[in-house]
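**Q** Okay, handing you the structure first.
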Ligand code: NAP
Ligand code: ZN
Ligand code: ZN
């Protein structure tokens with residue numbers, strides 16, 4: 252089955268049209284026509300080799316919403332015509348302790364989980380291609396049911412990465428009523444973090460470097476907004492947070508935030524910048540038994556839980572629709588923190604061009 256795509260075909264070149272082969276669905280597979288795909292900062296990090304040399308061609312995209320075209324004979328959860336989602340993973344070993352716990356993102360098998368793009372397929376072709384394309388074939392275990400209304404489907408796509416990457420740590424560290432939770436960086440992940448922490452009932456504080464996002468952050472659900480470049484504003488929150496979720500995509504001073512944690516508070520890192528952060532001060536950690544942790548996307552079961560929670564609470568992403576052909580300009584704006592708050596590619600733009 253042929254699919255149209257946009258790919259970076261070799262190092263340091265821009266995106267260009269590309270045709271790729273998708274496998275015909277095997278017994279457990281779901282073939283999906285892609286309708287929308289969100290643009291994650293991880294797509295940029297990968298396509299531009301900021302995390303090391305990727306496998307070329309690179310076809311990013313792991314915030315996929317589409318319609319089922321056909322299913323294999325053993326597929327019991329989906330049928331042709333269903334609206335479904337695919338996130339950051341398309342396979343894992345299924346047998347290790349992490350997989351057994353429904354935490355496939357921490358798969359301990361020999362290859363870990365298989366990424367939706369730039370990931371090796373077990374025993375098959377050496378690369379995977381993501382959602383900047385018109386179709387994809389995925390094992391049903393890694394396909395999510397979408398119950399949002401048809402009109403909200405484009406705005407649902409970013410839940411598949413930005414949503415779950417903030418939901419999983421918020422749940423793990425107990426964000427809820429009576430807890431004060433900070434969200435640092437109001438981009439794709441951060442704006443979902445604000446919406447979800449608020450919906451979970453936590454007192455939610457948004458930290459931004461962009462004065463222009465102050466009003467938006469309140470509208471997204473923040474109880475308070477702090478412009479982190481302003482030392483006086485920061486000082487008002489010293490020693491007061493149960494949890495801080497740091498989504499910033501660039502290297503920065505972590506001490507400014509660890510000092511805002513209360514005793515036994517945790518700052519969870521989800522941003523993965525190209526260059527390391529300056530080493531955090533041990534003082535800030537030992538004074539108050541504070542912690543810095545990390546978290547990777549989320550498991551398939553908790554992704555479904557998050558999608559169902561969002562459908563029930565009417566939560567979607569704030570999106571700006573783009574054409575596939577405009578991806579380079581979108582990356583340029585993402586680097587300037589100028590995204591309100593997630594770009595989503597309308598895949599009709601690629602189908603029309605084909
Ligand atoms: P994004 O939309 O570009 O948002 C990042 C935000 O960080 C910006 O909007 C900006 O917010 C802030 N920021 C950017 N440069 C900054 C700087 N120099 N100093 C301080 N703040 C800065 O990116 P995203 O898609 O949300 O992704 C964020 C990071 O998470 C990326 O590194 C991505 O690869 C990573 N990620 C990790 C996982 C995981 O599983 N752990 C999953 C997905 C993505 P303000 O304007 O509000 O300051
Ligand atoms: Zn992502
Ligand atoms: Zn595993």
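Residue numbers (the working numbering): 252 to 605.
Glycine residues also receive a C-beta, built at the ideal position from the N, C-alpha and C atoms.
Small disclaimer: the values here were computed from a predicted structure and weren't measured.
(1) Can you determine whether any heavy atom of ligand 1 sits closer than 6 Å to the C-beta of residue 396, and answer yes or no?
(2) Would you mind working out which of 289, 308, 252, 421 sits nearest residue 264, comparing C-alpha positions?
(3) Look at the Cβ atom of residue 548, then the Cβ atom of residue 416, and state whether they are nearer than 7 Å.
(4) Look at the Cβ atom of residue 540, then the Cβ atom of residue 514, and state whether they are nearer than 7 Å.
(5) Return the chain-ordered ranges of every alpha helix (DSSP H) run that is complete within the stretch 270 to 326 and spans a minimum of 4 residues.
(6) Give me the Cα-Cα distance between residue 297 and residue 585, rounded to the nearest whole angstrom.
(7) Report buried or exposed for residue 463, applying the criterion of at least 16 other Cβ atoms within 10 angstroms of its Cβ.
(8) First and last residue of the beta strand (DSSP E) that includes residue 336?
(9) At a cut-off of 6 Å, is residue 549 close to ligand 3 when judged by its beta-carbon and the heavy atoms of the ligand?
(10) Can we count residue 561 as close to ligand 3, meaning its CB is less than 6 Å from some heavy atom?
(11) Measuring CA to CA, which of 324, 305, 476 is closest to residue 377?
(12) In the DSSP assignment, find the beta strand (DSSP E) that holds residue 417 and state where it starts and stops.
(13) Touch check for the stretch 344 to 359 and the stretch 398 to 412: three-plus C-beta pairs under 8 Å?
(14) Apart from the five residues just before and just after residue 591, which ones in its own chain have a Cβ nearer than 8 Å to its Cβ?
(15) With a threshold of 6 Å, establish whether the CB of residue 360 neighbours any heavy atom of ligand 3.
(16) May I ask which residues mark the beginning and end of the beta strand (DSSP E) holding residue 434?
(17) Can you name the residues that DSSP bridges to residue 475?
(18) Cβ of residue 498 within 7 Å of Cβ of residue 440?
(19) Pick from 419, 493, 332: whose alpha carbon is nearest that of residue 557?
(20) Would you give the residue range spanned by the beta strand (DSSP E) that residue 408 belongs to?
(21) Taking a cut-off of 5 Å, which residues have a beta-carbon closer than that to any heavy atom of ligand 2, in chain order?
(22) Does DSSP classify residue 496 as helix, strand or coil?
(23) Please list the terminal residues of the continuous alpha helix (DSSP H) segment that includes residue 554.
(24) Could you tell me the alpha carbon to alpha carbon distance between residue 352 and residue 553, rounded to whole angstroms?
(25) Here's the rule I'm using: 16 or more other beta-carbon atoms within 10 Å means buried, otherwise exposed. How should residue 369 be labelled?
(26) Which residue comes first and which comes last in the beta strand (DSSP E) that contains residue 345?
**A** Taking the geometry as given:
(1) no
(2) 308
(3) yes
(4) yes
(5) 292 to 298
(6) 14 Å
(7) exposed
(8) 334 to 337
(9) no
(10) no
(11) 305
(12) Note, residue 417: premise wrong, no beta strand (DSSP E); alpha helix (DSSP H) at 413 to 423.
(13) no
(14) 467, 569, 571
(15) yes
(16) 431 to 435
(17) 456
(18) yes
(19) 419
(20) No beta strand (DSSP E) contains residue 408, which DSSP labels as neither H nor E.
(21) 291, 293, 412
(22) strand
(23) 551 to 564
(24) 11 Å
(25) buried
(26) Where residue 345 is concerned, there is no enclosing beta strand (DSSP E), given that its DSSP letter is neither H nor E.
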